[in-house]
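Let me begin by presenting the structure, written as C-alpha cells, before commenting on it.
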Amino acid sequence: MKNKSNEVWIGDAQIANDPAYLSESNQEFHSLTVVQQLEDPSQVDLNSNRRDFLKYLGFGLGAATVAASCEIPVRKAIPYVIKPDAIVPGIATYYASSFAQGGDYCSILVKTREGRPIKIEGNSLSSVSKGGTSARAQASVLSLYDTSRIASAFRVKNGQIEKPASRNKKGPGWEVIDAEIMAALNATSQIRIVSPTIQSPTTKKAIADFTIAFPNTRVVTYDAISASALIQANEACFGEAVVPNYQFQNAEVIVSFEADFLGTWVSPIEFATQYVKNRRIEDLKNPKMSKHIQVESHMSLTGSNADNRIMVKPSEQGAAILSLYNALAALAGLPSQNGPSLAAEKAKKFKTLATTLFNAKGKSLVVSGSNNVGEQTLVNAINYLLRNYGSTIDFANASLQRQGIDKSVNDLISEMKSGKVDALFFMDGANPAWDIPRAEEFATLSKKVKLKVSFSTVPNETAAICDYVTPTHHFLESWGDAQPKKGHYSLIQPTISPLFDTRQTEVSLLTWAKSAAIDAASEQPALDYLMKHWETSVFPTQSRFAIFRAFWDNCLHDGIYEAPLALTSVPSFNGDVQKAASQVRKPVQNALEISFFETVNMGGGQYANNPWLSELADPVSRTSWGNYLAVPVKWEGGNKISSLNNINPREIYGEADIVDLEVNGTKQAVTAVRQFGQLEDTVGLAIGYGRTVTGYMGKALGNNVGTNVYPWLSVDAQGNTQYYATKAKVSDPVDKEDLFACVQYHHAMGVTGKDPKSGETLNVDEKTSMTIGSGYQGGIVDRSIIYKGNLDELSELVHHVEEKRAEAAELNSKTLYPINEFVDNVYSQGHWWAMHIDLNACIGCGACSVACMAENNVPVVGKREVGRHHEMSWLRIDRYFFGEYENPNTVYQPMMCQHCDNAPCENVCPVAATPHSSEGLNQMTYNRCIGTRYCANNCPYKVRRFNWLDYTKADMFAINEPTISNESLPFGADNLTRMVLNPDVTVRSRGVIEKCSFCVQRLQEGKLTAKKEGRALQDNDVRTACQTACPTGAIVFGDRNNKSGDLSKKLDNPLNYIVLEEIGVRSSVNYTAKVINRSENLDA
Amino acid sequence: MSAPISAIREPLITGSKTYHTITEDICGPTERTPTTAWVIAFIVAVTGLSLYLFSVTWTIWVGIGSWNLNRTINWGWDITNFVWWVGIGHAGTLISAILLLFRQKWRTGVNRAAEAMTIFAVMCAGQFPLIHMGRLWLGFFIFPYPNTRGPLWVNFNSPLLWDVFAISTYFTVSLLFWYTGLVPDFATVRDRAKGLRRKIYSFISFGWTGSAKHWQRWESLSLVLAGLATPLVLSVHTIVSFDFATSVIPGWHTTIFPPYFVAGAIFSGFAMVQTLMIMTRKVLKLEDYITLEHIDSMNKVILATGSIVGVAYLTELFIAWYSGYIYEQFAFYNRVMGPYFWSYIGMMGCNVISPQIFWSKKMRRSILVTFFMSIFINIGMWFERFVIIASTLARDYLPSSWSYYSPSWVEVCLFIGTLGLFSTLYLVFMRVAPVVAVAEIKGILKTGGDQYVGPNIKHDNAHKESTHH
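Those sequence lines, one after another, are chains V and S.
Counting in this note's numbering, the first sequence runs from 1 upward without gaps.
Counting in this note's numbering, the second sequence runs from 1 upward without gaps.
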C-alpha cells in the first residue's frame, strides 16, 4: 500500500483500492434500482413513526404556507399552440412598409417582436427617404397603441361617440352601421369625401370605384398646412398642378423664403438627405459647401441651419421676393416689375443675394413656403431665370406629397351653406372642424348635412360633429400603398392583426357602394383589392418581372417599387409675372406681426395625441408640451413694440410669462419664450396645438395642450390660407406660467453684438457678465463644447481645434494613473465602441431623440415634470447660438452618454452600480443602483437621468405615478400602451439612474449574429437607434479597433474633437466642428 | 490642592459653589417637574419631529420626485443639511477631546452638552444620506457585507463609501465618549433617586461605586477615547469634503476643501454650542457653571475659525483667477454673480463680515450679541454648503443643461423636521442627564472655582461640604 498520508479517504476500502469499491464509486448512478433500494431494509426504513409523521406534517404545512403567502405575479403570457413560421421568440422580424400620413411620407421597416410592432426603422432602398426617418415616423408606432382608438363602428350623438356602456355589451356593430349609412345614401346623393393629401393610388382607385355607384361624389383635398399656392402657381406657369421634384444636392446656393424644408415643408426627410450632401466638410484642402440663405422672421429649423438669415416681416415676404426678382431681372436684362418694395437697407441685401444667385445659375435653388400664388409665381420666375429647371427642379418626378387646394374646402363650405351637400365623409387625418381657418363655420354648417361619417382612428373634433364613426385601421394594420412622387411606389403591409374591430376606409367605401371590385367575403379584401390594382396599373410599368406574383413579392419585400426615372425636360415658363407682382402680400408699417409656423413634432395638429412627439422638445425653442409665443430678444435699445421688452426677464430661473395675444380682434392667453433670431416687431406661434378632442375623455393626453391658432389664420383672395397676421397685439405679462416646459434656456455660445457706445463688436457674454443675479448667461466662448468657424476661415478653425486638442492632450498626460497602459491592454483587445457625430450634418430634427425613446423604453413624463427638468431623454439635441446677437447662427449638438473611458460617474458610485465594460461601455446596473445621484452630479455632460417618480408605472406604490393631463389611467400604465415596450430593454423603476447605453442590446445582438455566422463583426451589424433614425447620417457608430469600418474613416477628419477633452474623462464620442458659409455682405 | 490661581484668569465656576451645591444645581433639573418653558419647548420640538416623520414618509412613499431637485441639480437641501449637521457636530468632539488633551479646564462647563449636541447633530446628519437615496430600502448595499452576489463588493473608490465609514466611526466614538463621561454622573443621580428611577439609573450607571479603581479606569478610558476622537475631528469633515473635492465639477474639485471644511465645521459647531448653551444656562439656571468666560472663550474660537473660513473663501476666488482655467473662473464668477448670488452674500455676510465684531471684548461677552451671532453663523454656514452644492451644480460645464432649483415644501419640512428631531433629543437629554459633567466640574472646583479666590463664605449646615457625590 502506498503512503497516502496527504490524501483524504473515506474508508479502508478506498485506501486499499478495493476493486469492488472502485467500480461502485466510479458509477455515476446507484447500482441498485429504486425498487431494489426500497426493498433493501438497510437502505431505507419505511416504517414510519409518529416523529416522522409530525416532521413531514410540519414541513408540508410550513412549505404550503410559505408558498401560498408568496405573492406570485400574474403573468399574461399566452404561448403559441402552433408556432407561426415567421416568429421566433426573442428574434425581431422586420417588415417593409410605409409611413404615409396625409402628405408626410417615409419608407420604413417595422420591427416586430413576437408579433408586436415596436419600432420604426428607415428603409434604405427608397430613393425618396433613403433610409432616413423623421420624429413623426418614429413616433407613429405609438399611435397604434393609442388607448383612445375607436374600437368599432359607432354612432355619434351630441358630439359623443356612443360607446357601449360596459365592456360586455357590444356596440351596434358594422352591419347595423353599414345598413344605416347605406340607407342614407342614394345614387344621386351629393357626397363629399374630405381628405388630406391622398398619396395612395389604390385609395384613389377605391374612391373612383365608389364614384361609379355614387356619381355625385367629389373629393375635397386640403392640407392643414398647405402648399396650395405652389401647386396653383405651377399649374399657371408650367401647366403642372404639382409640387415639383426639388434636388437640393445639385444646388450650390439655396434661398428659402419661409420654407422649412429641413423640418416640415413637403418632404423634409428627402430634402435633408440631399441638403446635407453639400454641407459636410470632408476634403479640407478643397472644401466645398453650399450656401444657404433663409428669408424669414421667426427662426425655423431650416433657418437655424442657414448660413445667413435675412429677416423680413411676414407681410414683407412678397416685397422680398419681388426685390430679388427685380434684382435678378436687372442682371438678366429683363424688365423689372412694380409692386411693394422693401426698405433700402434690406433691398440692398437682396441685390447682393441676386448676384450670388446669378453667379450660380443652374446650380441654385429658390424655394418658398408662401401660400400666395403671386409669390410662388415670382419664385418660379426666379428659378426659371436662374435656369434651375432641369437641374435643381424638375416635374418629371414631381412630388405628390402635397395635393391639397385650400380653395376646395372653401368651396365646400359654400356648398354646405347652400345645402347642396348630402353626405360628408372624412378620411383619417382630415379634421376640418378644427384645422382650417373657418373651422367653426364648418362645424356649424355641418348640421345642414344629413350624413356625416368619419374614418378617423381616434376621436377628433370632426368625428364629434359626425353621425357615425367607421374607424379605419392604423397603418401598421393595413394593406395599402403610397406614391410620394411620380414613379415612386411604396407598399404598406400589416405588421399585426387589427387590434380592434376596425375596417379599412377603402373596404368601407366599396362596401357601401356595393362594388363588385371588392370581395367582402374574402379573408383580406383590402389585400386583394390592392394586388388587383397593382397588377393592372403598376405591374405593366416595369419589365424586370414577367410574373405578377414575383413582382409583388419583390415589392413587398423591398417595400418600394421605383419605376425607371423619367427624363427631365425643361418646361417653358408661361407665368404672368406682372400679375404676380400685384398679387403679393402688401407690407404693413409699424405694426406687430405674427407668423404661424409648423413644428417638426406636431404637424398641423394630427400628431397631438402622440405623447412621444408632445414630449420631444422643439429643436429651436427647446420647449415641449405646448406652443409658446416666440418673442424677440433685444439686447440694447429695446423693442419698438414696448410690451415685448418686459416679457420673460426671469427665464433663466425657469419662469415664463403669460401674455394676452390679440389677433384679428380675438384674444388668447399664451406663454412666451424668448427666441434668438426672432425679428424685432414680430412674434411667432406654432400651429397644431390647442386640440380640444384628441381622444376619449380621461385618455386624451393631447387635449388642450397649447393654443389653437387656426382661428387666427386668414384666407387670401385666391382662397389660400395665410399663415401670418398683421396688427397683432401682445399685452404686458398677465400671469406666470407654472409649468414652463423648456429643457434649455436661451444660453448662447459666444454671441456678439455691437457696443452701443463705442460701436465695436464685443462679446455679449462678457458684456452681460456684470449683471448680478444672472452672471454671464452666455457660457464662455472658449468652452470646448462647440468648435465652429466660417468656411473662409477653415484653416484657422483646423488650427484652433488642433491647438486646443494638443493643449488637452498635454493636460491629460499629467496623470498618476496608467490609463494608456490600460487602453493598450484592455480596449485594444476586442471591440472598443465609439461614435462620431458630424455637427454639419445634424440639422436638429429630433428623429434620433424619438427613436431613442422608442428603442430604450424611455418614459414620457408630461408637462409638469418636463417643467421641473425631470425629462428622461437619453439623447437630447443641445442647441447653441453663436455669431451676431440679433441674427445668430445655430449649432445642434446631439448629446448622450459619452461612454468615457475614465468616467467620473463610475468611481463615485458607492455601490459600483455603474461599471465599465472591457469594450469601453459605461454600463448601468439598474438592480444595483440605490439612487445617490452622485454620478449624475459628476457627469460633465449631464446626460444621466434619474427616475424621480414612478414614470414607468412599475412601482409598488400607486401614489407616485404622475399623470400627464389628469387622465384616468397614467400614461404607460395601460396594457395596450405597454405593448410598445422593447422587450430587450429593462423598464426602470423609480429611484434609479438611467442613461444612454449605446443601445447595448443591439450590440449584443450584432455580436451574436456575427458569432453565429462565424465571422468578424462589421460596423453594419451594430447600429444604434439614433444612427438608423438619422435622415442625414450625422451619427456613425462602430468599433474603433476595426480599422476598415465606417467609423474609422470618420475619425480621421482634422475637424474632429471631443467635448471637454481637457478634463481627461476620455469620452468615446467624437464631434466634427461646425462650419458655416456665412457671407458678411448679407449681414450688414 | 490649593494651587495659586493666576490673577488674570477669571474663575471658571462662580457663585461660591461647594461640591454639594454643584450636585444640587446640576442634578436638580432631572429630578424636578419640568418647567413650563421646557414643556412649551418640548411641544414645539415634538411638533417639528412629527413634521419630520411625515416628510420622510412622504419622501419614501412618493419618491425623490417630491423634491424639486432636477437632472442638473441632483443634490440640494438634502446634502446641504447633511454637511451642515455634520459640521455642527464637530464642536462637541473638539471641546471634549482636543481640549481635554490640551488640558483646557474651561471645557468642563460645556463639554457634556456639546457632546450631546454632537451626537444628536450626527444623528440628524445621518438621516439625509439615507432619505436622499432613490431606493432607501436597498440602502444596505453600501455596506461591505459578505453576499452571494459574486460576492459583489462596494466601490472603495467612492467618497460616499468613505463617508459611510467616517460618519459611523465618528458617531460610535462620540457616543462612547459621551456615555463614558455620563457613567459617574448617572451614579450620582442614582444615589439621589428612589424607586423606579433609581433602578433605571442604577442600570445605566453600570454599578459605578466611585472606587479609586473605577476612577482610574475611567480616566484612562477617557484619555484613550479622546485620543481616538481627536483625529476624527479632522478626518470626518475632510472626508465629507471629499464628496465634493474628488469630483470633476469646477467649484467642487478643489484641494482647499479639507482644511476649509474642518475650519468651517468647528466654526459652525461652536456657534451651535453657543446657541444651545445660552439657552440652557438660562433655562436651567446654570449661569455659575457656564459663565461669561466660557462664552468669551468660545467666541474667540469662532473668531479664529471664522477668519480661517474667510481666508479660504478669498483664496478660492484668488486661485480661480490665478489658475487661468476658464471653468474654475466661471464657477466662482457664478457663485458671486450668478442666479444664487444672494446665498453667496448670505454666506459672506454671516460667516466672514459679521463675526469680526468679536474683536471687541465687550461684544464677546455680550450674551445677546453672542446669541444673535451664533444664529447668524449657523445660517451663514448653511448658506456656505448651499452655495457649494446648488450654485455649483446649477452652472456646470454644458450651458445647455443649466438649471435653477428651489426646494419643495417637502425639503423645507425635512430641514425644519431635523431641527425638531434635534431639539426633541436635546430636551429629553436635559431632563434625564446632568447637562454639565458633574464629576469633571467638581474636579476643577478647587482650581477654577471662585470661592477659593473670593472672600470666604460662612459655613452652615446647608453648605456643609459633602464628600458624597
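Built from N, CA and C at the ideal position, the CB exists for glycine as well.
Quick caveat, the model's predicted, so the values are computed rather than measured.
Asked	Found
Interfacial residues, the region 63-83 of chain S to chain V, with Cβ spacing under 7 Å	Gly63, Ile64, Gly65, Asn68, Asn70, Arg71, Thr72, Asn74 and Trp75
Test: Asn820(V) CB closer than 8 Å to a CB of chain S	no
Sequence-distant residues of the same chain with beta carbon closer than 6 Å to Asn1081(V), five excluded per side	Thr352
DSSP-derived helix/strand/coil call for Lys1074(V)	strand
At least 3 beta-carbon pairs within less than 8 Å: the region 133-148 of chain S vs the region 111-122 of chain S	no
Beta carbon proximity, Leu419(S) to chain V, threshold 8 Å	no
Three-state secondary structure assigned by DSSP to Ile470(S)	Examination of residue 470(S) is not possible in this model, given that chain S is present from 1 through 469 alone.
4 or more residues per run - each alpha helix (DSSP H) lying fully within the region 388-428 of chain V	406-417
Buried or exposed (CB count within 10 angstroms, at least 16 for buried), Met924(V)	buried
Buried or exposed by the 16-neighbour rule on C-beta atoms within 10 Å, applied to Gly239(V)	exposed
His799(V), buried or exposed, once every other Cβ within 10 Å from all chains shown has been counted against 16	exposed
Any non-hydrogen atom of the ligand COA within 7 Å of Thr302(V) CB	No copy of the ligand COA occurs in the structure displayed, which carries no ligand at all.
Close beta carbons around Phe270(S), own chain, < 6 Å, minus the five adjacent residues each side	Ala91, Met298, Val301 and Ile302
CA nearest to the CA of Ile785(V), picked from Pro471(V), Arg309(V), Ile150(V) and Pro940(V)	Pro940(V)
Beta-bridge partners of Pro632(V), as assigned by DSSP	Gln675(V)
Chain V contact for Met272(S) (CB, 8 Å cutoff)	no
Cutoff 6 Å; reference Asn17(V); Cβ partners in own chain excluding five residues on either side	none
Ile326(S) (DSSP reduced to helix, strand or coil)	helix
Inter-residue spacing [alpha-carbon to alpha-carbon] between Ser16(S) and Asp288(S)	9 Å
Test: Arg1066(V) CB closer than 8 Å to a CB of chain S	no
Candidates Ala1029(V), Ala187(V) and Thr932(V): closest to Pro910(V) by CA position	Thr932(V)
Other residues of its chain near Pro693(V): CB distance less than 6 Å, five sequence neighbours each side excluded	Checking the sequence shown, residue 693(V) turns out to be Val, not Pro. Within the same chain, Val693(V) has close Cβ partners Pro459, Asn460, Glu461 and Ala464.
Coil, strand or helix - Lys204(V) by DSSP	helix
Member of Ala700(V), Pro564(V) and Asp223(V) whose CA lies at the smallest distance from the CA of Ile150(V)	Ala700(V)
Contact under 8 Å by Cβ, Gly339(V) with Val673(V)	no
For Ser595(V), the three-state DSSP class (helix, strand or coil)	strand
Where Asp396(S) meets chain V, residues with beta-carbon distance less than 8 Å	Pro940 and Lys942
Same chain only: Cβ atoms within 8 Å of Phe596(V), ignoring 5 sequence neighbours per side	Gly684, Leu685, Ala686, Ile687, Val709, Trp712, Leu713, Tyr723, Tyr724 and Ala725
Min CB distance Cys909(V) to chain S below 8 Å	yes
Where His899(V) meets chain A, residues with beta-carbon distance less than 8 Å	The structure shown contains no chain A; its protein chains are V and S.
Which of helix, strand or coil DSSP assigns to Asn461(S)	Reliability fails at Asn461(S), whose pLDDT of 48 lies under 50, so the model's placement of it is uncertain and the value that follows must be treated cautiously. Residue state, collapsed to three classes: helix.
Chain-ordered residues of the region 631-664 of chain V with a beta carbon less than 8 Å from chain S	Ile652, Tyr653 and Gly654
As assigned by DSSP and simplified to three states, the class of Lys346(V)	helix
Element boundaries [alpha helix (DSSP H), containing Met363(S)]	Lys361 to Arg364
Under 7 Å (Cβ pairs) to chain V, residues found in the region 133-149 of chain S	Met133, Gly134, Arg135, Leu138, Gly139, Phe141 and Ile142
Cβ neighbours of Pro196(V) in the same chain (closer than 6 Å, five flanking residues each side left out)	Gly102, Asp223, Gly429 and Ala430
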